[in-house]
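Below you'll find the structure, written out as structure tokens, and then a few comments.
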Amino acid sequence: MTASSDQPMPQAQPATFTAASALSGSIAVPGDKSISHRSLMLSALAVGESRVEGLLEGEDVLATAAAMRAMGADIRRDADGIWHIHGVGVGGLLQPESALDMGNSGTSTRLLMGLIASHAITATFVGDASLSKRPMARVTEPLSRMGASFTTSPGDRLPLTMRGACPAVPLDYRLPVASAQVKSAILLAGLNAPGITRVVEPIPTRDHSERMLKGFGADLHVEVEGDGTRIVTLRGEAELRPQSITVPGDPSSAAFPMVAALLVPGSKVAIANVGLNATRAGLIDLLREMGGDILVENPREVGGEPVGDLVITASTLQGVEPDPARAPSMIDEYPVAFIAAALAEGRSTFRGLEELRVKESDRIATMAAGLRAIGVTVEELEDGIVIEGSGGALLPGGGPIATKLDHRIAMSFAVAGLVSKKGVTIDDMRPVATSFPGFTALLRSLGASA
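Residue numbers for the sequence shown follow UniProt numbering, beginning at 1 and rising by one.
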């Protein structure tokens, strides 16, 4: 239920996932969520018609589409699943007539706040119970420096109302935490600000915004210093050109069938057309270090993004203690990585994960509680978690797991259910629709019991 609705909360949809025989088959996962959001936003700021194929049609991305329509863009989907966007041009966003309902989407909220920050319009953002608990100060603080003003709920949370500034003040900003959302919000605000906006990124994060901004014609440059610091420079008052975009499969969604195929004995699964951007490939690297058999076939580039087909074969995994510097490249994949660690031989220690505490749920605490509930020995740390692996033995199972309305928690424990003695019950699978419509059906198509 969102803050804009007085309808009762729909009933929860619990589900139980039980031990599976070998998984096999070839599948495709939904389009990349990060790229889908950005393709809609930048297409809406270009003059002319853009075409987007393979767009993720989950609730989060549809919230972005609805918001861009509310601010003047003409967005429609044809019968072949191709989206057509007629943009309003940079600086052309219109005043929305009502509150922008973001549902569960933190990405929509933070990036759209950036877009609006350099337009002379006022917008109110509302969201569901989970999103309304997530702090927004990391975005409102730099955008305020650019001239936007905010009225927020206690704790810098939603609902909030913002007033953009036109002209906005270009910003030179060093990110205090590794966050692609904060970086992207500032760059999007800089599109309609006169002069140069610069973001200094000490720890590299996903670079979809930079790639796509350049593809649409923005004057953007990236400089990498000797210590790995990235300096992203954008010249404002841009004119964006419409594009044709093919969205690759989301590596964050591919993570769940990938880990399932590694853990269920005898499995072999192929996943087609997965995005392999180096800033998103941390989970593949981690699973290989644990002993996972993951091959990349037919590597190629589509629309400026590296793509490949993955072939995953069941493997015996070993415990691992990954470098905390890896966190930005797999921040959304840690929950399912914890499931892999629970089946590995020996102990795994994950640190440097403070960012997980401010996701859709506190993912460290929520995963630790869920793992204990299904018989895994864990120690929760302030910045991470220690997991004692089963050495490949089936987990006891149990539940129901309290997912806290978090889609990645739900899908992670669904995977755990496939390698459990008595199954794992998830309290509510509804949030999965935000990022992975058809998740349960896809697991069934591989032979899973759900």
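Where is the CB? At the ideal position from N, CA and C, for every residue including glycine.
Which listed residue (the options) has its alpha carbon closest to that of residue i
{"i": "residue 40", "options": "21, 60, 398 and 23", "result": "60"}
{"i": "residue 221", "options": "233, 247, 199 and 82", "result": "233"}
{"i": "residue 369", "options": "385, 62 and 19", "result": "385"}
{"i": "residue 77", "options": "57, 348, 87 and 90", "result": "57"}
{"i": "residue 173", "options": "215, 227, 231 and 155", "result": "231"}
{"i": "residue 156", "options": "79, 198 and 109", "result": "109"}
{"i": "residue 243", "options": "226, 304, 224 and 201", "result": "304"}
{"i": "residue 216", "options": "224, 201 and 238", "result": "238"}
{"i": "residue 442", "options": "253, 142 and 194", "result": "253"}
{"i": "residue 256", "options": "194, 285, 324 and 333", "result": "333"}
Contact set for residue i: own chain, Cβ-Cβ below 8 angstroms, skip 5 residues either direction
{"i": "residue 306", "result": "275, 276, 277, 278, 299 and 300"}
{"i": "residue 361", "result": "130, 403, 404, 405, 406 and 409"}
{"i": "residue 432", "result": "407, 410, 411, 439 and 440"}
{"i": "residue 12", "result": "427, 428 and 430"}
{"i": "residue 287", "result": "258, 259, 262, 294, 317, 337 and 340"}
{"i": "residue 120", "result": "164, 165 and 166"}
{"i": "residue 437", "result": "30, 57 and 58"}
{"i": "residue 210", "result": "187, 220, 222 and 232"}
6 angstroms CB neighbourhood of residue i in its chain, flanking five on each side removed
{"i": "residue 331", "result": "355"}
{"i": "residue 213", "result": "220"}
{"i": "residue 397", "result": "374, 420, 421, 422, 423 and 424"}
{"i": "residue 350", "result": "384 and 385"}
{"i": "residue 146", "result": "117, 168, 169, 171 and 189"}
{"i": "residue 36", "result": "55, 56, 61 and 247"}
{"i": "residue 263", "result": "343 and 419"}
{"i": "residue 313", "result": "268 and 293"}
{"i": "residue 52", "result": "39, 83 and 245"}
{"i": "residue 112", "result": "67"}
{"i": "residue 319", "result": "344, 346, 347, 348 and 389"}
Burial state of residue i (16 or more Cβ within 10 Å)
{"i": "residue 393", "result": "exposed"}
{"i": "residue 439", "result": "buried"}
{"i": "residue 321", "result": "exposed"}
{"i": "residue 34", "result": "buried"}
{"i": "residue 379", "result": "exposed"}
{"i": "residue 457", "result": "Because the chain in this structure spans residues 1 to 450, residue 457 falls outside the shown range and cannot be described."}
{"i": "residue 417", "result": "buried"}
{"i": "residue 137", "result": "exposed"}
{"i": "residue 30", "result": "buried"}
{"i": "residue 199", "result": "buried"}
{"i": "residue 63", "result": "buried"}
{"i": "residue 315", "result": "buried"}
{"i": "residue 135", "result": "exposed"}
{"i": "residue 224", "result": "exposed"}
{"i": "residue 97", "result": "exposed"}
{"i": "residue 227", "result": "exposed"}
Close beta carbons around residue i, own chain, < 7 angstroms, minus the five adjacent residues each side
{"i": "residue 426", "result": "14, 15, 399, 400, 401, 403, 410, 413 and 414"}
{"i": "residue 302", "result": "246 and 248"}
{"i": "residue 205", "result": "178, 179, 180, 183, 279 and 328"}
{"i": "residue 444", "result": "450"}
{"i": "residue 290", "result": "317, 318, 320, 340 and 344"}
Rounded Cβ spacing between residue i and residue j (contact assumed at less than 8 angstroms)
{"i": "residue 259", "j": "residue 336", "result": "5 angstroms"}
{"i": "residue 71", "j": "residue 45", "result": "That pair is no contact at about 10 angstroms."}
{"i": "residue 218", "j": "residue 240", "result": "7 angstroms"}
{"i": "residue 346", "j": "residue 389", "result": "6 angstroms"}
{"i": "residue 309", "j": "residue 353", "result": "Contact doesn't hold; Cβ gap of about 30 angstroms is too wide."}
{"i": "residue 235", "j": "residue 196", "result": "6 angstroms"}
{"i": "residue 151", "j": "residue 158", "result": "Contact flag wrong, Cβ pair sits at about 11 angstroms."}
{"i": "residue 446", "j": "residue 24", "result": "6 angstroms"}
{"i": "residue 192", "j": "residue 47", "result": "Between residue 47 and residue 192 the Cβ distance is about 14 angstroms, and since that is not below 8 angstroms, they are no contact."}
{"i": "residue 271", "j": "residue 27", "result": "6 angstroms"}
{"i": "residue 123", "j": "residue 100", "result": "6 angstroms"}
{"i": "residue 250", "j": "residue 80", "result": "Not quite, the Cβ-Cβ distance comes to about 21 angstroms (not below 8 angstroms), so this is no contact."}
{"i": "residue 127", "j": "residue 103", "result": "6 angstroms"}
{"i": "residue 364", "j": "residue 372", "result": "No, residue 364 and residue 372 are not in contact; Cβ-Cβ is about 13 angstroms, not under 8 angstroms."}
For residue i: DSSP bridge partner residues
{"i": "residue 398", "result": "424"}
{"i": "residue 221", "result": "233"}
{"i": "residue 350", "result": "385"}
{"i": "residue 86", "result": "49 and 74"}
{"i": "residue 360", "result": "Partner(s): none; residue 360 has no beta bridge."}
{"i": "residue 173", "result": "199"}
{"i": "residue 162", "result": "123 and 150"}
{"i": "residue 293", "result": "313"}
{"i": "residue 27", "result": "271"}
{"i": "residue 288", "result": "None; residue 288 has no bridge partner."}
{"i": "residue 503", "result": "Not covered by the structure: residue 503. The range shown for the chain is 1 to 450."}
{"i": "residue 415", "result": "Looking at the DSSP assignment, residue 415 forms no beta bridge with any residue, so it has no partner."}
{"i": "residue 244", "result": "51"}
{"i": "residue 305", "result": "302"}
{"i": "residue 449", "result": "18"}
{"i": "residue 249", "result": "31 and 274"}
CB contact below 7 angstroms: residue i versus chain C
{"i": "residue 392", "result": "In summary, chain C is missing from the structure at hand, where a single protein chain is found."}
Residue i Cβ short of 6 angstroms to the ligand MG heavy atom set
{"i": "residue 411", "result": "This structure lacks the ligand MG, and indeed carries no ligand of any kind."}
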